[in-house]
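S.K.:
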Amino acid sequence: MISSDPRLRMHVDAHPFPLLFATISGAHLYGFPSPDSDYDLRGVHLLPLEKVVGMKVGPETVEKSGIYDGLEIDLVTHDARKFFGLMLKKNGYVLGQLLSPLVIHTTPEHEELKAVAADCITRHHAHHYLGFAETQWKLFQKEDPPRVKPLLYVYRVLLTGIHLMRTGEVEANLVRLNESAELPYLPELIDRKVNGTEKGRVAAADFEFHQREYGRLRAELERACEESRLPDRPRGAGALNELLVRIRLEGQG
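Count the sequence shown with this note's numbering and you get residues 405 to 657, in order.
1) Pull up the distance between the alpha-carbon of R620 and that of L412, whole angstroms please.
2) Can you grab the Cα-Cα spacing for the pair L568 / L433, in whole Å?
3) Ends of the beta strand (DSSP E) at E724?
4) Within the continuous beta strand (DSSP E) that includes I525, where are the two ends?
5) Give the secondary structure of Y443 by DSSP, where H, G and I count as helix, E and B as strand, and everything else as coil.
6) List the whole-angstrom C-beta distance separating G655 from L502, where the pair is believed to meet the contact cut-off of C-beta under 8 Å.
7) Can you tell me where the beta strand (DSSP E) holding F425 begins and where it ends?
8) Would you list the residues sitting across from R605 in a DSSP beta bridge?
9) With a 10 Å radius around its C-beta and 16 neighbouring C-beta atoms as the bar for buried, classify E513 as buried or exposed.
10) Residues in its own chain within less than 7 Å of L555 by CB, not counting five upstream and five downstream?
11) Kindly indicate the opening and closing residues of the alpha helix (DSSP H) around D610.
12) Would you call the stretch 489 to 497 in contact with the stretch 462 to 480, where contact means no fewer than 3 C-beta pairs closer than 8 Å?
13) Helix, strand or coil for E476? Go by DSSP, reduced to three states.
14) For the candidate residues L563, R446 and A431, whose alpha-carbon lies nearest to that of P439?
15) Smallest Cα separation from V456: which of K486, L587, E624 and I477?
16) Strictly under 9 Å for the Cβ-Cβ distance: is E454 near chain C by that measure?
17) Tell me the DSSP bridge mates of T511?
18) Can you give the beta carbon distance from T526 to P635, rounded, assuming they're within the 8 Å contact cut?
19) Looking at R639 and D483, is the spacing between their C-beta atoms short of 9 Å?
20) According to DSSP, is H449 part of a helix, a strand, or is it coil?
21) Quick check on the DSSP output: the alpha helix (DSSP H) that includes V598 runs from which residue to which?
22) Tell me whether the beta-carbon of L479 lies closer than 9 Å to the beta-carbon of A426.
23) How would you write the range of the alpha helix (DSSP H) that K546 sits in, first residue to last?
Right, here's the structure in full:
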């Protein structure tokens with residue numbers, strides 16, 4: 405789905421380097437944006453050859469943020485070499501960004517890259533989701549009263565990890581994930597976030613229940629990792645190298 409909001413398009417068009425793609429990540433991708441949520445745009449840019457092989461190297465990462473006609477936008481892109489390297493690591497962030505169905509800008513190379521992604525997924529991606537869930541759980545724990553947002557992130561990353569280990573598919577939308585997980589408490593939490601604010605709170609009395617669910621789903625993800633048929637090592641390094649060399653050279657034409 406290509407986003408038609410011209411404010412997002414203008415922000416992407418102002419990027420200093422050609423883009424392979426730009427997509428929407430964050431709460432909008434995960435299915436629980438609040439009315440005041442900002443837009444997290446993520447993508448890949450292509451540095452010209454002289455800024456890769458010369459004495460003065462171009463920026464591997466470009467970050468731009470601001471408020472545009474009342475819309476808060478945060479854009480982060482990585483040069484293709486850096487992004488491709490992250491794809492070969494147990495990095496769920498870049499997979500979600502690459503495969504996001506919320507597209508602002510795309511190219512034929514974006515489609516090629518999405519096809520290679522399947523050969524970059526391993527069972528060790530489970531550790532990414534376990535680590536991110538732990539970070540968000542600690543954030544949820546330390547706030548008094550706790551917020552809905554980090555709790556939803558906990559559930560989102562654990563269910564994404566479980567789904568990935570079992571199917572080999574990256575699904576980041578919590579609403580769709582819950583179609584199979586069928587956790588009866590998630591719709592109410594999502595509704596509270598979607599119709600509330602970024603700082604919406606969770607009743608303190610619910611803490612012990614969510615603590616038990618966190619432990620149960622962590623154990624389920626760990627078990628899914630052990631039982632997964634996904635490979636131990638990524639197999640897409642050769643295809644990524646060929647694509648990188650080609651697009652870098654074509655960029656000089």
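Ideal Cβ positions, reconstructed from N, Cα and C, are used throughout, including at glycine.
Because the structure is a prediction, the values reported are computed rather than measured.
M.R.: Short version:
1) 39 Å
2) 16 Å
3) Past the edges of the chain, shown from 405 to 657, lies residue 724, and the structure says nothing about it.
4) Careful: I525 lies outside any beta strand (DSSP E) and carries neither H nor E.
5) strand
6) So it is not a contact: roughly 20 Å between Cβ atoms.
7) L423 to S429
8) R551
9) buried
10) F544, L593, V606 and H614
11) Taken as a continuous stretch (DSSP letters only), D610 belongs to no alpha helix (DSSP H), as it is neither H nor E.
12) no
13) strand
14) A431
15) K486
16) No chain C is present in this structure, which holds just one protein chain.
17) For T511, which the question treats as bridged, DSSP gives no partner whatsoever.
18) 5 Å
19) no
20) strand
21) L590 to V598
22) yes
23) H529 to K546
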